[in-house]
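Visitor: Before I ask anything, here is the structure I am working with.
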């Protein structure tokens, strides 16, 4: 079905209110969810259906537990991951704008941070190079294993440009956890090679995958990258990791902002990034390839189309479930 | 064949002298080459055979063209990439040791920087988190293309640990350029899916791949990561990139060092990294998997075995070619 973006937003806001969020909190979460939903990213409103992501009634004040000129670490006090990470990103942008570098970690947040390209893009929009890493509950197996001991461990990188920013956002898992949930909701099989069941057998059944483990992308290289993200979102920010602390309630995140002026003229850098982007777009294409997409560009096109037309396609079952969550 | 590590070093030093390097330069290059060769990494002494990597007779003094408390950019003045990047890494370590963060870029270097895990490991050995990115000549196609417009664009990440450092080192290409050259020298076919010929047809022929393009690892995610590395080693450091400047003689590199104390207690961090490593090693294994390796560990084992026994296996044809290069 197609619905208006405005209607989708209103239904989403009702679901957020039903799950206990106040107006300020809902505005931030809505922005992150719409970024994903309108780009065809599977970290959108699916998060609100079923058990959803109710506000933790014991959530307290977000606290800065450690701070230097270049850095901070936040205790999220069980506030929503999107709210806490967004605040961390604000701080990283502030520090890097003032001192050329900012690194801010968070721990003790409740539920997922969503499509982390959102935060990397925000950093890039301030003329800074952004790196964002996000931990999650244990869903993913190491290369050679079938035991879920890592999060889906996404990383996002934002690069400012004289054209549109380059925004790279990927799970280091072969599929996002919400991709598996979305497949289960829609009754679709998973692609081959992305998951194993609880006994370690390859599976395309989403329910079996949820009981087993998701694999990493790109073989041992993807697994190694996943382990690095685990370090950066676990030990480095004092959050839980497999076997140490409660990973279900203490996920970590890390945001880094680097001013390109540390190395070169920032304007020349952005102009060169735009030149490189143009050249990549115009590279010779393999047979059957209509267009070469730079990181984030396909999502940008969907997003702009939705915002331009004011209308967006959404899976019927998903929207029905969202309406149910909205009460 | 097996030869003594000492004999391999002496032959390598002779080849370096024959290619114009003085004793200081040769010591640095030897260290980087042996790191790769003794770990079974294909960025070892193969670099010295055939055309080799002769010193540029016009190499000048390495110059700092831009510097802040946290950063520097070096003009390598056509010195060897290993020498210039090693100096950049020294500076990044110094800056991060003094100010918690250091970022140093290089451009205008001659020939390859080798196995860049070497530099990431050096940063980690100083208790710092290291990121190293390295540009190269144009060998790799973007996802959807068959035109070589990126370097093999490796990235390496070093994580300090109370145990051994984690050292992740990978090309974002599906195979390293020197892996292709090594296959050609040994008369071996390439693995399937890593390269295309000059017309864009899949090939396992190393010579056809050298005339065509290497593909990226892990589908569009690997390609996106390759493009990010292209930005960080091209526009960000003022080095050449496809269509802008001479990529054959002006490759860029970037080294970043981050003090974990910016976020947490450095000792607790290293202890937690060792705990995580231990837990990953002991994860349940898939059938047929004897051991789970953390990033860098397999290379470490080969390295330690070679250093412990004083002897190492090397391909007959490769060693014969190295002896020829040694004159």
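Chains as they are written, first to last, in the numbering used here: chain A, 38 to 364; chain B, 38 to 364. C-beta atoms are modelled at their ideal positions from N, C-alpha and C, and glycine is treated no differently. All of these numbers come straight from a predicted model, not from anything done at the bench.
Let me see if you follow: with CB-CB separation under 8 Å, is residue 297 of chain A close to chain B or not?
Guide: Residue 297 of chain A has a beta carbon lying within less than 8 Å of a beta carbon in chain B.
Visitor: Of the choices B:178, B:132, B:330, whose alpha-carbon is the least far from that of residue 234 of chain B?
Guide: B:178
Visitor: Along the region 195-223 of chain A, where does the CB come closer than 8 Å to a CB of chain B? Name the residues.
Guide: 196, 203, 205, 207
Visitor: Is the region 282-294 of chain A in contact with the region 202-222 of chain B, if contact means three or more CB pairs nearer than 8 Å?
Guide: no
Visitor: Using a cut-off of 9 Å between C-beta atoms, extract the partners of residue 51 of chain A located in chain B.
Guide: For the C-beta of residue 51 of chain A, not a single chain B residue is nearer than 9 Å; the gap to the nearest is close to 35 Å.
Visitor: Just by C-beta distance, which residues in the region 124-140 of chain B are closer than 9 Å to chain A?
Guide: 136, 137, 138, 140
Visitor: Under 8 Å between C-beta atoms, does residue 301 of chain A make it to chain B?
Guide: yes
Visitor: At the 8 Å Cβ level, is residue 105 of chain A part of the contact set with chain B, yes or no?
Guide: When Cβ-Cβ separations below 8 Å define contact, residue 105 of chain A makes contact with chain B.
Visitor: Use the C-beta contact count for residue 147 of chain B: other C-beta atoms within 10 angstroms, 16 or more gives buried, fewer gives exposed.
Guide: buried
Visitor: Please list, in chain order, all residues of the same chain as residue 362 of chain B whose beta carbon is under 6 Å from its beta carbon, the five residues on each side excluded.
Guide: 52, 85, 86, 89
Visitor: By alpha-carbon positions, which one of B:186, B:267, B:261 ends up nearest to residue 169 of chain B?
Guide: B:267
Visitor: Under 9 Å Cβ-Cβ, which residues of chain A neighbour residue 76 of chain B?
Guide: Chain A residues near residue 76 of chain B: none, gap ~15 Å exceeds 9 Å.
Visitor: Which residues of the region 249-278 of chain B have a Cβ closer than 9 Å to any Cβ of chain A? Give them in chain order.
Guide: 254, 255, 256, 257, 258, 259, 260, 261, 262, 264, 265, 267, 268, 269, 271, 272, 273, 274, 275, 278
Visitor: Beta-carbon of residue 100 of chain A versus every beta-carbon of chain B: anything under 8 Å?
Guide: no
Visitor: Starting from residue 306 of chain B, find everything on chain A with Cβ-Cβ shorter than 7 Å and list it in chain order.
Guide: 272, 273
Visitor: Assign residue 149 of chain A to one of three DSSP states: helix, strand, or coil.
Guide: coil
Visitor: If you scan the region 195-248 of chain A from start to end, which runs of the beta strand (DSSP E) of 3 or more residues do you find wholly inside it?
Guide: 203-207
Visitor: Given residue 251 of chain B, which residues of its chain have a CB within under 8 Å of its CB, disregarding the five upstream and five downstream residues?
Guide: 176, 177, 178, 185, 189, 210, 211, 212, 214, 217, 231, 232
Visitor: Among B:55, B:42, B:93, which has the Cα closest to the Cα of residue 68 of chain B?
Guide: B:42
Visitor: Between which residues of its own chain and residue 106 of chain A is the CB-CB distance below 6 Å, once the five residues before and five after are set aside?
Guide: 136
Visitor: Under a three-way DSSP split, which group does residue 324 of chain B fall into?
Guide: coil
Visitor: Decide yes or no for the touch test of the region 106-125 of chain B against the region 138-154 of chain B: beta carbon pairs closer than 8 Å, at least 3 of them.
Guide: yes
Visitor: Residue 192 of chain A by DSSP, collapsed to three states: which one?
Guide: strand
Visitor: From the DSSP output, read off the bridge partner residues of residue 357 of chain A.
Guide: Answer by DSSP bridge pairing: none, since residue 357 of chain A is not bridged.
Visitor: Can you list, in chain order, the residues of its chain whose CB lies under 7 Å from that of residue 96 of chain A, leaving out five sequence neighbours each side?
Guide: Here the set comprises 114, 115, 116, 147.
Visitor: Residues of chain A with CB under 8 Å from residue 332 of chain B, in chain order?
Guide: Residues of chain A passing the Cβ test: 261, 264, 265.
Visitor: For residue 294 of chain A, which of A:125, A:237, A:334 has the nearest alpha-carbon?
Guide: Out of A:125, A:237, A:334, A:125 has the C-alpha closest to the C-alpha of residue 294 of chain A.
Visitor: If you drop the 5 nearest sequence neighbours on each side, which residues of the same chain put their C-beta closer than 7 Å to that of residue 76 of chain A?
Guide: 336, 339, 340
Visitor: Looking at the unbroken alpha helix (DSSP H) that takes in residue 66 of chain B, where does it start and where does it end?
Guide: 60-74
Visitor: Any beta carbon of chain A sitting closer than 8 Å to that of residue 165 of chain B?
Guide: no
Visitor: If you run the structure through DSSP and keep just helix, strand and coil, what is residue 293 of chain A?
Guide: Note: residue 293 of chain A maps to strand in three-state DSSP.
Visitor: Assuming the contact rule is C-beta atoms closer than 8 Å, residue 424 of chain A and residue 198 of chain A should be a hit. Round their C-beta distance to whole Å, please.
Guide: The structure shown has nothing for residue 424 of chain A, since chain A only spans 38 to 364.
Visitor: Rounded to whole angstroms, how far is the Cβ of residue 150 of chain B from the Cβ of residue 359 of chain B, which I believe are closer than 8 Å?
Guide: In fact, because the Cβ distance is near 20 Å, the residues do not count as touching under 8 Å.
Visitor: Could you give the distance in angstroms between the alpha-carbon of residue 256 of chain B and the alpha-carbon of residue 333 of chain A?
Guide: Residue 256 of chain B and residue 333 of chain A have their alpha carbons spaced roughly 15 Å apart.
Visitor: Determine the direct distance from the alpha carbon of residue 74 of chain A to that of residue 38 of chain A, and round the result to whole angstroms.
Guide: 14 Å
Visitor: Taking the straight line between their C-alpha atoms, what separation do you get for residue 315 of chain A and residue 274 of chain B?
Guide: 19 Å
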